[in-house]
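Asker:
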Amino acid sequence: MSSSRNTSGSQRRGRQSSGEARTTTDGGTTREGQDKNCEVMLELVIAELKADDYRSRMPDVAARKRIEKKYFELTGEKISWDPEITSKIGYLRKLWNIHSQLVKCTGVAVDPSSGQIDMVETWWSDRIAEYGGTKGRLVHVLQKKPLPFKDLLDQIFGEHDVDQDERYSPHMLGLQLQQVQPTLDVDGITMVYQLQETQTAEPIVDLT
1 MSSSRNTSGS
11 QRRGRQSSGE
21 ARTTTDGGTT
31 REGQDKNCEV
41 MLELVIAELK
51 ADDYRSRMPD
61 VAARKRIEKK
71 YFELTGEKIS
81 WDPEITSKIG
91 YLRKLWNIHS
101 QLVKCTGVAV
111 DPSSGQIDMV
121 ETWWSDRIAE
131 YGGTKGRLVH
141 VLQKKPLPFK
151 DLLDQIFGEH
161 DVDQDERYSP
171 HMLGLQLQQV
181 QPTLDVDGIT
191 MVYQLQETQT
201 AEPIVDLT
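Just so you know, we're using full-length UniProt numbering here: the sequence shown kicks off at 1 and counts up by one.
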């Protein structure tokens with residue numbers, strides 16, 4: 001009896017199989033469906049990187065074609081490596097890098113159940129000001145919600161990028177300037193920050 005009721009209830013709600021993205025009445029994909037599809041995409045990328053024993057940071061051309069094909073088979077949606085996957089992974093990589101830096105700050109608390117960085121408003125305001133510009137807006141994204149797909153992103157980026165990216169973070173750059181050039185004036189430091197922001201400036205749209 002209970003099985004029958006559950007089945008009929010699922011049908012009334014229009015529930016789809018777990019591998020399908022739910023759609024809205026106007027044909028758009030829901031946030032839940034978008035998250036599921038993004039998870040599928042990341043898992044396919046990881047599978048290709050593992051198959052190549054992580055010898056490259058991203059899948060090669062042939063692997064990208066396999067990802068596009070398999071993604072369509074699993075989700076029923078077409079996707080191109082460039083620009084869709086490139087854009088999504090690029091955004092998540094930047095978000096992952098900032099998160100990796102923030103959680104290493106002294107005294108940072110992280111909610112073990114949600115993964116959300118749990119700090120007071122003033123701490124977030126200081127970090128946003130410290131990073132500034134594009135990266136400051138990424139900090140604000142992490143203030144509002146946990147890093148999405150953290151376990152998957154760790155597998156993609158953890159062995160490749162974190163050390164290099166930390167060296168060029170605003171926080172680490174400031175420390176290095178203090179150590180190497182302790183007499184550098186404020187204008188000199190400002191000039192470095194402005195150059196870095198010019199190289200990375202772009203509008204932040206939350207793609208997760």
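Heads up, the beta-carbon is just placed ideally off N, CA and C, and yes, glycines get one too.
Anyone know if the C-beta pair for Glu48 and Pro59 falls short of 8 Å?
Answerer: Their beta carbons are under 8 Å apart, which means Glu48 touches Pro59 by this criterion.
Asker: With 16 as the cutoff for other CB atoms within 10 Å, does Lys65 come out buried or exposed?
Answerer: Label assigned to Lys65: exposed.
Asker: Taking DSSP's pairing of strands, which residues face Val110 in a bridge?
Answerer: In DSSP, Val110 forms a bridge with Ile117.
Asker: Let me know the secondary structure DSSP gives residue 218 once reduced to three states.
Answerer: Residue coverage of the chain in this structure runs from 1 to 208, which leaves residue 218 outside it and unanswerable.
Asker: Who are the Cβ neighbours of residue 210 in its own chain at under 7 Å, not counting the five residues just before and after it?
Answerer: Here the chain covers residues 1 to 208 and nothing more, so residue 210 does not appear.
Asker: Give me the Cα-Cα distance between Val45 and Ile156, rounded to the nearest whole angstrom.
Answerer: Each residue's alpha carbon lies about 8 Å from the other.
Asker: May I ask which residues mark the beginning and end of the alpha helix (DSSP H) holding Leu35?
Answerer: In the sequence as displayed, the identity of residue 35 is Asp instead of Leu. Asp35 -> alpha helix (DSSP H) spans 31 to 51.
Asker: How about Ile98 and Leu142: are their beta carbons less than 8 Å apart?
Answerer: Against a cut-off of 8 Å, the Cβ pair of Leu142 and Ile98 comes out as a contact.
Asker: Along the chain, where does the alpha helix (DSSP H) that runs through Glu73 open and close?
Answerer: Note, Glu73: alpha helix (DSSP H), 61 to 75.
Asker: Quick check on the DSSP output: the alpha helix (DSSP H) that includes Arg57 runs from which residue to which?
Answerer: First-last for Arg57: undefined, no H or E at that position.
Asker: Can you list, in chain order, the residues of its chain with a C-beta nearer than 8 Å to that of Phe147? Leave out the 5 residues immediately preceding and following it.
Answerer: Rather than Phe, the amino acid found at residue 147 in this sequence is Leu. Within the same chain, Leu147 has close Cβ partners Leu95, Trp96, His99, Gly115, Leu153.
Asker: Alpha carbon to alpha carbon, how far is Thr122 from Lys36?
Answerer: Rounded to whole angstroms, Thr122 to Lys36 spans 34 Å at the Cα level.
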